[in-house]
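In terms of the numbering used here, the sequence shown has 3 at position 2, counting the first letter as 1, and numbering is strictly consecutive.
Backbone N, C-alpha and C fix where the C-beta goes; we use that ideal spot for every residue, glycine too.
Remember, it's a predicted structure, so these values are computed and weren't measured experimentally.
For reference, the structure discussed in these notes is given below.
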Amino acid sequence: MATATGTVNVSAVENGNWKAGVIGGIVGAFAMGFLVILMNQPTIAVAIPSLYGLAPPAGVGAGLFVHVSHGAVLGVVFAAICGAVDPDSTGKTVGLGAGWGVVTWLVLAGLVMPLWLSAVGSPANPPFPNFAMPSLLWHLVYGVVLGAVYPAVAGKL
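This is how it looks when you write it as structure tokens:
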């Protein structure tokens with residue numbers, strides 16, 4: 002009887018283009034950030050900078066800086082996922098990005114952010130869990146843009 006063991010292909014993960022992940026993450030976070038500003042500015046101006054004690058007072062610039070920084074880091078994680086999964090088309094990478102956007106919404110925006118904001122005493126503390134539908138849209142935009150930008154720049158870096 003044969004048995005199979007699950008292993009991670011380390012060379013595939015290392016083959017993810019982290020620079021493309023950073024660029025895609027930044028572009029995706031800016032796209033998402035501008036949508037958030039249009040739909041619910043206090044999220045960018047108060048909630049996000051509150052994570053690091055940068056608000057109050059409200060500051061769109063501080064919030065956007067923090068948000069884009071998070072997007073860049075999460076873009077590197079996405080690059081590692083792409084290296085492991087090795088999507089073979091832009092469409093599959095965009096789909097993977099959409100899935101990554103949903104994961105970031107569920108885990109980070111829905112669970113981690115409300116707990117973190119509560120712990121730091123933010124005035125913009127949402128309920129726990131916080132599975133707000135506008136936030137799902139925003140994170141999908143992040144993921145789709147990341148998934149489209151990543152393969153477009155990965156071959157050029």
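> So, do the segment 54-70 and the segment 127-139 have three or more beta carbon pairs nearer to each other than 8 angstroms?
Replying inline: Three or more beta-carbon pairs separated by less than 8 angstroms are not found between the segment 54-70 and the segment 127-139, which leaves the two stretches without contact.
> Hey, residue 145 and residue 99: beta-carbon distance below 8 angstroms or not?
Replying inline: It is a contact, given that the beta carbons lie within the stated cut-off.
> What's the call for residue 39, buried or exposed, on a 16-neighbour Cβ count within 10 Å?
Replying inline: Result: exposed.
> Three or more C-beta pairs closer than 8 angstroms, one from the segment 114-130 and one from the segment 22-37: is that the case here?
Replying inline: No: the two stretches stay apart, fewer than three of their Cβ pairs being nearer than 8 angstroms.
> At a cut of 8 angstroms, does the segment 151-158 reach the segment 85-99 through at least three beta carbon pairs?
Replying inline: Inter-segment contact for the segment 151-158 and the segment 85-99 is present: three or more beta-carbon pairs are separated by less than 8 angstroms.
> Between the C-alpha atoms of residue 116 and residue 83, what's the straight-line distance to the nearest angstrom?
Replying inline: Approximately 29 angstroms between the Cα atoms of the pair.
> Does residue 70 come within less than 8 angstroms of chain D when only Cβ atoms are used?
Replying inline: No chain D appears in the structure shown, which is made up of a single protein chain.
>> Just to confirm the assignment, what range does the alpha helix (DSSP H) spanning residue 35 have?
In response: Counting along the chain, the alpha helix (DSSP H) containing residue 35 begins and ends at 19-43.
>> Going by DSSP, what residue range makes up the alpha helix (DSSP H) through residue 123?
In response: Residue 123: not part of any alpha helix (DSSP H); DSSP gives it neither H nor E.
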